[in-house]
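What follows is one structure encoded as structure tokens, with my remarks underneath.
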Amino acid sequence: MANPRSKFEMIAEYLCRSHDGVSRAEIYRRPGLKHRTEPFCLYFNDGMAFRLHGRGLVSALSLPDVRPFDPLNPDKPPPGWPGWVWAPPSQMLRWDRLCTEALRCLRTADEGARVSWNLPEPPPSAPPEPPPSPPESLAERVKKFLGGSSWSKWLG
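Just so we're aligned, residue 5 is where the sequence shown starts under my numbering, counting upward by one.
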């Protein structure tokens, strides 16, 4: 198994060779990758940080030990910068996918699509269920619905 730094180097080499506009850069005094002028991933503290949005951001944060990240103040606790997450070495096998997803997210934003680097709002909670109606009220409603007095002997 590769160590974290060599894994980062391997990913960086592949992305620089295979994608136009991707280059190595020093991002906030750390080694990283950028697409044209925008950073999308960086190496920090034996882990990698990625800038994601939408479904990619939500799925990354659902991984064990992945946390929000602030590239300017990496030791600062969450919430971090919008869109940035840090994946520890325990998630090293997923770094390839997260890096290509970060590049896709950045390209989507560069193409003019409106993206939000913030976490999507959770869906609203379901309204509370009304309490069950007592049996007497059900009988009263049936009497009212049927409306005839001939039915009252059956309904009690």
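Glycine residues also receive a C-beta, built at the ideal position from the N, C-alpha and C atoms. Note that this is a predicted model, so its numbers are computed, not measured.
Our two residues, residue 26 and residue 38, have alpha carbons roughly 6 Å apart in a direct line. In the DSSP annotation of this structure, the continuous segment of the beta strand (DSSP E) that includes residue 36 starts and ends at 34–39.
Just so you know, the alpha carbons of residue 146 and residue 130 end up roughly 29 Å apart. Judged by beta-carbon spacing, residue 97 lies beyond the 9 Å limit of residue 44, meaning their Cβ atoms are not closer than that value. Under the DSSP assignment, residue 51 falls in the beta strand (DSSP E) whose first and last residues are 51–55. Cβ contact annotation for residue 40 (same chain, cutoff 8 Å, sequence separation greater than five): 25 and 114, in chain order. The alpha-carbon separation between residue 69 and residue 77 amounts to approximately 18 Å. Under the 10 Å beta carbon count, residue 16 is surrounded by 16 or more other beta carbons and is classified as buried. Going by C-alpha positions, residue 10 is about 55 Å away from residue 133.
Beta-bridge analysis with DSSP links residue 29 to 36.
Residue 46 sits in a strand when the DSSP states are folded into three classes. Looking at the backbone, the Cα of residue 47 and that of residue 19 are separated by about 14 Å.
Cβ-Cβ distances below 7 Å link residue 57 to 87, 109, 119, 120 and 121 in the same chain, with the five nearest sequence neighbours on each side left out; the list follows chain order. Look at residue 90 here: in three-state DSSP terms it is strand.
Listed as beta-bridge partners of residue 71 by DSSP are 90. Distance from the CA atom of residue 21 to the CA atom of residue 79, rounded to whole angstroms, is 32 Å.
Under the three-state reduction of DSSP, residue 24 is assigned to coil, being neither helix nor strand.
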